[in-house]
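Right under this line is the structure:
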């Protein structure tokens, strides 16, 4: 829930929606703040009545006015009864309120001319967004996406945060259905864009890697004229996309990348990054984050900072000081903690085949005198490829881990096919947690990972109490 102070006159609202769509507005009327949640309504706000799977904002119009809303945005199919019940109140009538939110957010976005960096990609968007914002904050007043406000509701609400308090915005742009990146890019109109990578995400809807590539790269084509693209030169599906824009920076470990970097991990998986400059000099710094994926995210942030004239020393300082994400946006994103000399890698925030592969690579690289154990849950939204991808994941895990605990229908089916004594299957998380705890000994390392819907963090929380 976030509020905003975006102000609109009746004339501006009429230009967005059309005169005929405004009901009971007077010429000099204005509204301040666009909200979609009645719990945060303040006097003078416009309430947009959105419709979700388990709620309908049109049922809350009365509550919105009671809390001080000056107007409500309602869909035409609900308008007859609502207008009869509130004959003197101000309304905007639309065909689709989600589209209306995007329109009003886009109008507000166009009031500002500062750089807007849109970040898309299959994996690492949130961490890259946070790192890029930290680097840019050394030179600019940066607005960044709150938490995971990266969809058709969250992104417009972020655009409505634009104000004179900022001179740079870093926005995360997410997707799980075809065309969503296109729609969000049209609303946000990024001046610059970065795609972290192309991987096996949401295959139930995007079908295959070609579908993912088509979806994610929409953001490059939506960049404003004269804008800049940041191209991951290590990604085979992205490396040639610089030609879409006349201005682009390539980055990665590849020797031909504009921003060339290398990294190595210490025994606790913290990266040390070296940046090789075009004048043949270099600089290095150590990071507090965990895992090789965080190093790749940092390299993207280095490319952004370099392009926008942040000093090398300030880039290094920002990324050296950058701590693993915490709270709503960070819990379960490659967080490591120890209890009773047992190391637990909490990577429970989400999962797909590529991020699972990265997590297993991390536990493989972790230096430990004990066993390497994984607790793995289903990877959701893989469609017809689910069976194959779960088998591939478990085959990979068998090469890396001494013992594997799995839960979820897809993991269980894959385990049944592979028939390995190293794989243990459990249905409920408490029993699974107890079995893991009984197996863990000092110096062991445990990885816990699964899709968001699997709620694998319950296992981590259980182990904190049991161990």
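Numbering (our numbering), first residue to last: 735 to 1201. All C-beta atoms in this analysis are idealised placements derived from N, C-alpha and C, irrespective of residue type, glycine included.
Closest in C-alpha terms to residue 1096, from the list 1117, 1150, 1000, comes 1000. For residue 1113, the CB contacts under 8 Å within the same chain, skipping 5 residues up- and downstream, are 1085, 1086, 1087, 1090, 1120, 1123, 1124, 1127, 1144, 1184, 1185 in chain order. Beta-bridge partners assigned by DSSP to residue 851: 904, 926.
Rounded to the nearest whole angstrom, the CA to CA distance from residue 1152 to residue 1138 is 12 Å.
Cβ contact annotation for residue 1130 (same chain, cutoff 7 Å, sequence separation greater than five): 1091, 1094, in chain order. The alpha-carbon of residue 992 is positioned some 27 Å away from that of residue 916.
Here residue 808 has 783, 792, 795, 816, 825, 826, 827, 828, 831 as same chain residues with Cβ atoms under 8 Å from its own Cβ, once five neighbours each way along the sequence are excluded. The C-beta separation of residue 1056 from residue 1021 comes to about 7 Å, placing the pair in contact by the 8 Å criterion. In the three-state DSSP reduction, residue 1111 falls in the strand class (E or B).
For the segment 926-985, the continuous beta strand (DSSP E) assignments of 3+ residues that do not extend past its boundaries occur at 926-929, 962-966, in sequence order.
Inclusion of residue 950 and residue 866 in the CB contact set at 8 Å is not warranted, their separation being larger than that value.
The DSSP assignment places 1076-1081 as complete runs of the beta strand (DSSP E) inside the segment 1074-1104, in order along the chain (cut-off: 3 residues). Comparing alpha carbon positions, the residue from 1171, 1004, 1040 closest to residue 1029 is 1004. A straight line joining the alpha-carbon of residue 888 with that of residue 919 spans about 13 Å.
With distances taken between CA atoms, residue 803 lies nearest to 777 out of 1074, 785, 777, 1104. Contact between residue 1078 and residue 1194 holds: CB atoms are separated by about 7 Å, below the 8 Å threshold. Runs of beta strand (DSSP E) with 3 or more residues, each lying fully within the segment 780-806, are found at 780-782, listed in chain order. In the structure shown, residue 773 falls within a helical segment according to DSSP collapsed to helix, strand and coil. Residue 998: member of the beta strand (DSSP E) spanning 993-999, first to last residue. Annotated as distal: residue 1187 and residue 1141, with beta-carbon spacing of 8 Å or more.
Of 1040, 1071, 871, 764, the smallest CA-CA separation from residue 744 is found for 764. Assigned with DSSP and collapsed to three states, residue 1043 falls in coil, not helix or strand. In this structure, the beta-carbon distance from residue 1159 to residue 1149 falls below 8 Å.
A distance of 8 Å or more separates the beta carbons of residue 1044 and residue 863.
Put simply, the backbone Cα of residue 1107 is about 5 Å away from that of residue 1180. Looking only at 1037, 1115, 939, the smallest Cα-Cα distance to residue 1012 is reached by 1037. DSSP places residue 912 outside any alpha helix (DSSP H), giving it a letter other than H or E.
Taking 4 residues as the shortest admissible run, the segment 1133-1191 contains the following complete alpha helix (DSSP H) segments, listed from N- to C-terminal end: 1143-1152, 1163-1173. Rounded to the nearest whole angstrom, the CA to CA distance from residue 1047 to residue 833 is 43 Å. Between residue 878 and residue 904, the gap from beta carbon to beta carbon is short of 8 Å. Rounded to whole angstroms, the gap between the alpha carbons of residue 842 and residue 924 is 14 Å.
The three-state secondary structure of residue 872, taken from DSSP, is coil. When rounded, the separation of the alpha-carbon atoms in residue 1109 and residue 1076 is 14 Å.
In the DSSP annotation of this structure, residue 759 is not part of any beta strand (DSSP E), being labelled neither H nor E.
DSSP, read as helix, strand or coil, puts residue 740 in coil. DSSP places residue 816 in the uninterrupted alpha helix (DSSP H) bounded by 810-819.
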